[in-house]
Structure formats: structure tokens, C-alpha cells
Amino acid sequence: MAFEPKKEQIKKALGEKIAERRVPTASLPKREEPEKVITSFTLDKKNKEKLARLAKANGYGKSTAAFLNDWIASVEE
């Protein structure tokens, strides 16, 4: 036959308990968040759009503030 019913195998598979997946416990290093300061500034519309594109291209999604903060922090004075 082209198709053999496998009812017993299906019943057995459905009756088996699935092993629980557990996340291994690991102590993570404490990360201190630097003090954040709320800042307001004005950008040209095209620059705001460019900033959003740059943030997204660098993996920041919609968080342009985080991207801008990290970018400024990476620039040496």
C-alpha cells in the first residue's frame, strides 16, 4: 500500500511526555547603567530620517537615542 496507517506509533508519540527544557543557571556579571539625562534637540527632518536609518542598519531597531548615545561614546576626543 502507498499509505500505511501508523496509529499505534502516533498514539505512543502523543502519549510520551516531552522532556522539560531548562535554562542552565549561570551567574551573569552585574552591569551598571550609567546615569541617563533627558535631552531635547532639534534636527532637520532629513537628518532625523537618516539617523533612524543608521540606527536600524546597526541593529538598534527604532532606538535612535541608544544608537546616538553609543556612537557618541565611541568617538574619542
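Residue numbers (UniProt numbering): 1 to 77. Glycine is no exception: its CB is placed at the ideal position from the N, C-alpha and C atoms.
Item	Value
Considering just the uninterrupted stretch of the alpha helix (DSSP H) at Ala67, what are its terminal residues?	As written in the sequence, residue 67 is Phe, which differs from the Ala given in the question. Looking at the DSSP string, the run of the alpha helix (DSSP H) that includes Phe67 is Thr64 to Ser74.
Please return the same chain residues whose Cβ sits closer than 7 Å to the Cβ of Ser27, not counting the five positions on each side in sequence.	none
So what does DSSP say about Ile38, is it helix, strand or coil?	coil
When we look at the beta-carbon of Ala13 and count the other beta-carbons within 10 Å, is it buried (16 or more) or exposed?	exposed
To the nearest angstrom, how far is the alpha carbon of Glu33 from that of Ala55?	20 Å
Count the other C-beta atoms from every protein chain shown that fall within 10 angstroms of the C-beta of Phe67, then say buried if there are 16 or more, exposed otherwise.	buried
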